[in-house]
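One structure is given below, encoded as structure tokens.
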Amino acid sequence: MELITAMEKRQSIRRYKEGNIPIEDLREIIRAASLAPSGKNTQNWRFLVITDERIKLGVADTIESKAQRISSSISQVDSKKGEKFIKFCKNFTTFFKNAPALVIVYTKEYTPEGYHELGAMGESMDFLHHLKYCTNPACQGLGAAIEHALLRAVDLGYGGTWLTSPNYAANEVNEFLKNETGFAPEVEFFMAAMLSLGIPEDNQKSPGRLSVDEVATFI
Ligand SMILES: Cc1cc2nc3c(=O)[nH]c(=O)nc-3n(C[C@H](O)[C@H](O)[C@H](O)COP(=O)(O)O)c2cc1C
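For the sequence shown, position 97 matches number 101 in this note's numbering, and the numbering has no gaps at all.
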């Protein structure tokens with residue numbers, strides 16, 4: 005498939021047809037992710053590919069339990085917001101129950117060059133915080149890797165959604181995986197996103213985009 009066709013075809017897929025993704029295709033999707041550029045070639049990404057139905061549903065249950073707890077807390081302040089949180093979780097998080105594959109994406113922090121030295125020289129906390137947490141290369145490289153994976157998935161005839169909403173339950177998901185499978189992310193790595201993957205159901209809607217003139221300035 006032409007690259008531009010894959011880009012145009014890619015959309016967030018939240019409903020899936022019956023059918024699994026062969027392991028060699030999943031490996032290929034991860035290989036494509038690994039081709040992404042990253043600051044200093046840190047390759048600050050790791051992937052846990054889950055096709056075991058019981059484990060995948062266990063991850064979903066873990067997230068739903070945490071969402072219930074968060075919803076109760078929010079409801080103490082604003083009951084409508086609490087209800088909305090649970091609805092969001094069902095529609096935009098645990099829909100991955102119906103996907104044949106779930107990929108958990110881990111990353112690690114990246115300390116910008118000179119960060120500690122600048123701190124020692126009295127550089128402002130605002131500047132250092134911005135450098136480390138807003139413009140940080142780690143999340144930019146990770147984003148490139150995830151997009152590579154999604155585009156390769158489209159190229160192979162699949163579809164998926166990039167999710168960060170499960171991050172609310174990152175600690176609980178880690179604990180569940182450790183207890184049930186013995187899996188633990190590498191030292192310093194933490195959960196940053198998930199990817200649901202499968203064969204797309206037809207007719208899924210995507211929001212529109214700003215035009216080139218709205219997002220770019222040419223001088
Ligand atoms: C960093 C990131 C986080 C996202 N998190 C979620 C999520 O938790 N749940 C979800 O359903 N979609 C999630 N999405 C998908 C976006 O909602 C979607 O990409 C956007 O609305 C544009 O629609 P499209 O992907 O169909 O073009 C996420 C996308 C990105 C890039």
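Ideal Cβ positions, reconstructed from N, Cα and C, are used throughout, including at glycine.
Beta carbon of residue i, beta carbon of residue j: below 9 Å?
i, j, result
"L7", "H152", "no"
"K2", "E176", "This structure gives no information on residue 2, because the portion of the chain shown stretches from 5 to 223."
"T46", "G145", "yes"
"L201", "A105", "yes"
"A196", "T168", "yes"
"D159", "A10", "yes"
"L154", "R18", "no"
"I25", "I203", "yes"
"I27", "V63", "no"
"E87", "S77", "no"
To the nearest angstrom, report how far apart residue i and residue j are at their CA atoms.
i, j, result
"E57", "K209", "27 Å"
"R35", "D82", "45 Å"
"A124", "G118", "10 Å"
"F193", "G126", "29 Å"
"A220", "E113", "30 Å"
"G23", "R73", "33 Å"
"P189", "D217", "42 Å"
"G164", "L135", "31 Å"
"M129", "H120", "11 Å"
"W166", "S79", "27 Å"
"F89", "P170", "12 Å"
"I99", "L122", "Note that residue 99 is Phe in the sequence shown here, rather than Ile. Approximately 45 Å between the Cα atoms of the pair."
"A37", "L52", "13 Å"
"A103", "N183", "23 Å"
Can you tell which of the options has its C-alpha closest to the C-alpha of residue i?
i, options, result
"S16", "S77, P211 and E218", "P211"
"Y172", "T115, T221, M198 and N183", "M198"
"T111", "Y162, F89, E117 and G43", "G43"
"D2", "F99, H120, V219 and Y162", "Here the chain comprises residues numbered 5 to 223, so residue 2 is not present and cannot be evaluated."
"I54", "T221, F187 and E192", "F187"
"P116", "H133, I78, N102 and N178", "H133"
"C143", "N178, F99 and P41", "P41"
"R156", "C93, Y20, I27 and I33", "I33"
"P141", "N48, R31, K21 and E12", "N48"
"R50", "E179, K84 and G147", "G147"
To which residues does DSSP link residue i through a beta bridge?
i, result
"P41", "BP columns for P41 are empty, so no partner."
"P204", "Y20"
"V109", "F51 and A197"
Mapping the DSSP letters down to three states, classify residue i as helix, strand or coil.
i, result
"L30", "helix"
"E46", "The question names Glu, but residue 46 is Thr in the sequence shown. Residue state, collapsed to three classes: coil."
"T165", "strand"
"G145", "helix"
"D217", "helix"
"K84", "helix"
"S210", "coil"
"F131", "helix"
"A64", "helix"
"I25", "coil"
"N171", "helix"
"E184", "helix"
"V177", "helix"
"A103", "coil"
"K140", "The displayed chain sequence assigns Asn, not Lys, to residue 140. Coil at N140, not helix or strand."
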